[in-house]
Amino acid sequence: MGGQRVAAGREPPEFLVVGRVAGPFGVRGEVKVLLDTDFPELVLRATHLFLGDPPVRYPVVQARMQRGMAVLKLLGCEDRAAAEALRGLEVQVRREEAPACGEGEYYYYELIGLQVWSTEGEWLGEVTDVWPTGSNEVLVVRGKGKEWLLPAVEPIVRRVDLEAGRIEVLLLEGLR
Numbered sequence: 004m005g006g007q008r009v010a011a012g013r014e015p016p017e018f019l020v021v022g023r024v025a026g027p028f029g030v031r032g033e034v035k036v037l038l039d040t041d042f043p044e045l046v047l048r049a050t051h052l053f054l055g056d057p058p059v060r061y062p063v064v065q066a067r068m069q070r071g072m073a074v075l076k077l078l079g080c081e082d083r084a085a086a087e088a089l090r091g092l093e094v095q096v097r098r099e100e101a102p103a104c105g106e107g108e109y110y111y112y113e114l115i116g117l118q119v120w121s122t123e124g125e126w127l128g129e130v131t132d133v134w135p136t137g138s139n140e141v142l143v144v145r146g147k148g149k150e151w152l153l154p155a156v157e158p159i160v161r162r163v164d165l166e167a168g169r170i171e172v173l174l175l176e177g178l179r
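Here our numbering is used: the first residue of the sequence shown is 4, the next is one more, and so on.
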């Protein structure tokens with residue numbers, strides 16, 4: 004998922020979350036990061052990352068993958084206690100550093116706020132969240148006092164129009 008497009012007058016975020024600090028790794032100030040991106044190279048090749056809210060810039064001294072997690076050595080994080088203090092913080096990159104999306108792919112922030120309509124012309128609501136499930140994403144749509152959990156796959160999602168701020172979906176049996 005990626006891209007520089009912006010849906011229906013919304014400003015894109017300055018930062019994109021690419022993971023979360025899971026905790027310290029060893030005793031020399033390294034941290035383990037559970038990645039939440041299709042592009043691990045954003046973390047592994049970064050010269051700096053941003054942690055927390057508001058984001059604080061940390062220069063990256065070294066980065067590698069180990070047992071399915073990124074292990075980072077950040078400048079200024081010299082011991083286990085310093086690494087422990089970062090536990091739970093979001094790891095972010097500037098949006099402009101992220102790669103562009105392929106055709107039919109989107110960053111989550113591009114979908115949140117879009118209006119969802121059925122192919123029959125019924126307004127269902129607004130995308131309020133996107134959940135990664137491993138096999139596919141799920142659009143969380145809220146409207147008319149109801150919450151819809153719609154798999155973001157063909158044949159359910161028929162059309163995404165970022166310019167119009169609209170997603171068209173086919174409500175198969177079982178989704179109503």
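Backbone N, C-alpha and C define an ideal beta-carbon position, used for all residues, glycine too.
Predicted model, so just to flag it, every value in this text is computed and none were measured.
Worksheet item: Taking just the CA atoms, how far does residue 134 sit from residue 39?
Response: Taking the first residue of the sequence shown as 1, we reach residue 39 at position 36. Taking the first residue of the sequence shown as 1, we reach residue 134 at position 131. Approximately 11 Å, taken between the alpha carbons.
Discussion item. Just list the residues that DSSP pairs residue 149 with in beta bridges.
Written reply: Taking the first residue of the sequence shown as 1, we reach residue 149 at position 146. Answer by DSSP bridge pairing, in chain order: 146.
Fill in: Unbroken alpha helix (DSSP H) run spanning residue 83, endpoints
Here residue 83 refers to the residue found at position 80 of the sequence shown. Run containing residue 83: 83-87, per the alpha helix (DSSP H) assignment.
Worksheet item: Taking buried to mean at least 16 other C-beta atoms within 10 Å of its own C-beta, is residue 151 buried or exposed?
Response: In the sequence shown, residue 151 corresponds to position 148, counting from 1. Residue 151 comes out buried.
Practice prompt. Could you name each continuous alpha helix (DSSP H) segment of 4 residues or more that falls completely within the stretch 34-122, going from the start of the chain to the end?
Written response: 44-47, 83-87 and 111-114
Worksheet item: Run through DSSP, which three-state label would residue 136 get?
Response: To locate residue 136, count along the sequence shown from 1; it is residue 133. DSSP places residue 136 in coil when its eight states are reduced to three.
Worksheet item: Helix, strand or coil for residue 167 per DSSP?
Response: Walking along the sequence shown from the start, residue 167 turns up at place 164. Looking at residue 167 - three-state DSSP - the assignment turns out to be coil, as it is neither helix nor strand.
Item to complete: Return helix, strand or coil for residue 154, following the three-state DSSP convention.
Response: Position 151 of the sequence shown, counted from the first residue, corresponds to residue 154. Strand, per DSSP.
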